[in-house]
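In what follows, a structure is listed as structure tokens, so that the remarks can point back to it.
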Amino acid sequence: MAFGDACFETFETMCGVFENPFSAVMMPFQNVLGDLTLVIVWGAILGILWLKTENLALCSIVGILISSTVTGLYEPAQGIGLLLVGVSVGILVFQLIRHKVQTFA
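With positions in the sequence shown counted from 1, the corresponding number in the working numbering is that position plus 313.
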């Protein structure tokens, strides 16, 4: 794509922002980042959420919600989301057990 050919570089069409706003907003990022756009946005949202709340359950629920809505119920994305929920539940149970052992020891 040559310079000036992208629809987001001119104000004439605005990439169809009124017909399909999500794809219009993501188009500049997809031109720069390629296929990793959704992964980077998804990771940034979950990273900020984790830094603010430090709650594994909340991050896993929001992660599954984002992966299922953005990817249109794409089955491998849901599988990865459920795997991440399993890992976060495992870490949560480990932390609970460790805290109980330290409390009563």
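Just so you know, even glycine gets a beta-carbon here, dropped at the ideal spot from N, CA and C. Just so it is clear, the structure is predicted and the values come from calculations on it, not from any experiment.
Asked	Found
F324 versus L349 - alpha carbon distance	26 Å
Pairwise C-alpha distance: L369 and L405	7 Å
Cβ-based neighbour list, L434, same chain, cut-off 7 Å, excluding 5 preceding and 5 following	This structure cannot speak to residue 434, because the chain is shown only from 314 to 418.
Same chain only: Cβ atoms within 8 Å of T326, ignoring 5 sequence neighbours per side	C320
Cut-off 6 Å between Cβ atoms - residues of its own chain near C426, not counting five sequence neighbours on either side	In the structure as shown, the chain starts at 314 and stops at 418, and residue 426 therefore has no counterpart that could be examined.
Element boundaries [alpha helix (DSSP H), containing V330]	First-last for V330: undefined, no H or E at that position.
Three-state class that DSSP yields for E388 in the structure shown	helix
K413 versus G403 - alpha carbon distance	15 Å
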